[in-house]
Amino acid sequence: MKHLRNERGILTLDFIFALTIGMCFTIVFFAITMTLSLVEVTQYLSFAVARASWAAHQTPEAQRDLGTRKYNELRDKPVFQAIFNRGWFTLPAEPDFGHPTLGFNQEYSPSVDNEIFHGARLHIQAKILNVNIPFLGSSTTSPETGAANVQTFLGREVTTEECMMLFNQARWDEIQRLHGSYGEVSTHARPGSTRLFADNGC
3 MKHLRNERGI LTLDFIFALT IGMCFTIVFF AITMTLSLVE VTQYLSFAVA RASWAAHQTP
63 EAQRDLGTRK YNELRDKPVF QAIFNRGWFT LPAEPDFGHP TLGFNQEYSP SVDNEIFHGA
123 RLHIQAKILN VNIPFLGSST TSPETGAANV QTFLGREVTT EECMMLFNQA RWDEIQRLHG
183 SYGEVSTHAR PGSTRLFADN GC
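So the mapping is simple: the numbering used here equals the position in the sequence shown, first residue as 1, plus 2.
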């Protein structure tokens with residue numbers, strides 16, 4: 003009975019239990035803070051890609067090519083490679099620009115014509131959140147755990163191709179319909195002549 007009443011080691015057990023719980027919560031908070039920080043870094047990447055891709059250019063394909071090149075340039079920088087090459091976080095091989103003409107409208111279904119969701123999307127996977135903690139269990143409850151879309155929507159500028167064909171050419175066609183004398187000048191016979199009727203772009 004004397005040995006059963008001996009409580010001299012109970013503080014050791016309490017310390018071991020508290021230390022284990024404390025380390026578990028430290029791991030959880032570290033994973034969360036790192037994830038939130040890296041989401042902000044990914045947000046910067048998506049903004050830089052969207053800004054580079056939707057500036058005015060010759061064609062929409064050239065716009066998206068500029069965005070992809072900007073993404074590869076930033077992702078290959080040593081500071082970002084040190085973050086994303088450790089296996090804690092993964093980024094896609096290429097950014098997602100949505101539909102070539104509609105952007106992400108098919109996903110968000112805008113109710114107004116001028117609500118055009120053009121931009122760049124990066125799908126980030128935070129594998130650092132997939133941890134198995136003693137006494138608490140695994141943090142992974144579904145395949146989507148730690149996965150999110152980080153995206154930036156910006157107004158897309160028109161391309162030279164769209165400006166010449168959809169605006170200047172259409173305007174010249176309307177001018178020709180105003181009076182028969184305008185029809186004597188044929189822009190179709192001389193490619194590129196619609197540039198004469200462009201004032202300051204579109």
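Idealized CB from N, CA, C, for every residue including glycine.
Q) Just the Cα atoms here: how many angstroms apart are threonine 22 and arginine 77? A) 37 Å
Q.
Mapping the DSSP letters down to three states, classify valine 160 as helix, strand or coil.
A. coil
Q. Asparagine 151: which of Phe106, Pro102, Gly24 and Thr28 sits nearest, CA to CA?
A. Across the set Phe106, Pro102, Gly24 and Thr28, the C-alpha of Phe106 shows the shortest separation from the C-alpha of asparagine 151.
Q. Which full runs of the beta strand (DSSP E) of 3+ residues lie inside the stretch 63-140, going along the chain?
A. 121-128
Q) DSSP state of glutamine 60, grouped into three classes? A) coil
Q) Taking Cβ positions, are glycine 121 and leucine 156 nearer each other than 8 Å? A) Yes, Cβ-Cβ distance for glycine 121 and leucine 156 is below 8 Å.
Q: Measure the Cβ-Cβ separation of glutamine 60 and threonine 161 and say whether it is below 8 Å.
A: Taking 8 Å as the Cβ cut-off, glutamine 60 and threonine 161 qualify as a contacting pair.
Q) Where DSSP assigns a beta bridge to asparagine 151, which residues make up the other side? A) His125, per the DSSP bridge assignment.
Q. Could you give the distance in angstroms between the alpha-carbon of isoleucine 177 and the alpha-carbon of threonine 154?
A. 39 Å
Q) Taking Cβ to Cβ, would you say tryptophan 56 is nearer than 8 Å to arginine 123? A) No, the pair does not count as a contact, with Cβ atoms beyond the cut-off.
Q. In whole angstroms, what separates the C-alpha of arginine 179 from that of glycine 148?
A. Between arginine 179 and glycine 148, the alpha-carbon positions lie close to 59 Å from each other.
Q | Burial state of tyrosine 237, where buried means 16 or more other Cβ atoms lie within 10 Å | A | No answer is possible for residue 237: the residues shown for the chain start at 3 and end at 204.
Q: Just the C-alpha distance for arginine 71 and tryptophan 174, rounded to the nearest angstrom, thanks.
A: Distance between the alpha carbons of arginine 71 and tryptophan 174 is about 36 Å.
Q: Could you tell me the distance, in whole angstroms, from the CA atom of glycine 89 to the CA atom of glycine 69?
A: 25 Å
**Q.** serine 144 in three-state terms, based on DSSP
**A.** coil
Q: Enumerate in chain order the residues of its own chain whose CB-to-CB distance from alanine 50 is below 7 Å, with the five nearest sequence positions on each side excluded.
A: Lys72 and Leu76
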